[in-house]
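Step one of this worksheet: look at the structure below.
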Amino acid sequence: MRLSTIALIIAGLTGATVLAQPIAETPPTKTIQCIEVGGQSVPPVCQVPGSRLDPREILCTCPNGGQRVEVSVCANGQTPPPESRALNAARRTGIREGSLVGDTLNGKPICVAPRRG
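Per our numbering, the very first residue in the sequence shown carries number 8; after that it's consecutive.
Spelled out as structure tokens, the structure:
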């Protein structure tokens with residue numbers, strides 16, 4: 008009983024840090040990527056609203072490995088950089104900082120494609 012209470016308190020205190028996107032942003036400008044130590048991307052598991060019209064992500068975790076890193080969502084007309092060694096190196100540097108928001112690769116922003124229903 009006591010252990011489960013402590014676990015709930017810890018989960019409640021850390022719960023604010025696992026939100027994927029700011030709720031007020033529509034469309035969202037940031038999301039979460041799971042990045043391994045070598046810079047490779049691992050798919051995150053995200054809880055999303057039931058509507059396919061709502062592009063937000065409520066909660067993202069990395070149960071398959073990797074560190075949670077905040078990354079920009081690509082704007083209209085932008086495409087994510089192709090997977091490469093250079094991108095892995097840039098992401099490896101980004102996980103040290105805890106964020107890829109604002110980072111670039113060869114002058115193009117590092118971003119992920121927006122979620123489509």
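The C-beta atom is built at its ideal place from N, Cα and C for all residues, glycine as well.
Environment of residue i [buried if 16+ CB atoms lie within 10 Å]
| i | result |
| --- | --- |
| G84 | exposed |
| R92 | exposed |
| I102 | buried |
| E64 | buried |
| P7 | One cannot answer for residue 7 here, as it falls past the ends of the chain, which runs 8 to 124. |
| G22 | For G22, the predicted model reports a pLDDT of 46, less than 50, meaning its position is unreliable and no value from the coordinates is stated. |
Those residues which DSSP pairs with residue i across a bridge
| i | result |
| --- | --- |
| V49 | C41 |
| S106 | E77 |
| E116 | The displayed chain sequence assigns Pro, not Glu, to residue 116. Per DSSP, T111. |
8 angstroms CB neighbourhood of residue i in its chain, flanking five on each side removed
| i | result |
| --- | --- |
| P121 | P34, P35, P62, V80 and C81 |
| R119 | The sequence given here has Val at residue 119, not Arg. Counting only Cβ-Cβ distances below 8 angstroms, and skipping sequence neighbours, we find T38, Q40, V78, S79, V80, C81 and P87. |
Cβ neighbours of residue i in the same chain (closer than 6 angstroms, five flanking residues each side left out)
| i | result |
| --- | --- |
| I39 | A27, P51, C67 and R75 |
| said: For the structure I just gave you, are there three or more beta carbon pairs, one from the segment 102-117 and one from the segment 74-90, closer than 8 angstroms? | reply: Touching, per the Cβ criterion.
| said: Using a Cβ distance threshold of 8 angstroms, determine whether the segment 54-70 contacts the segment 93-104, with at least three qualifying pairs required. | reply: no
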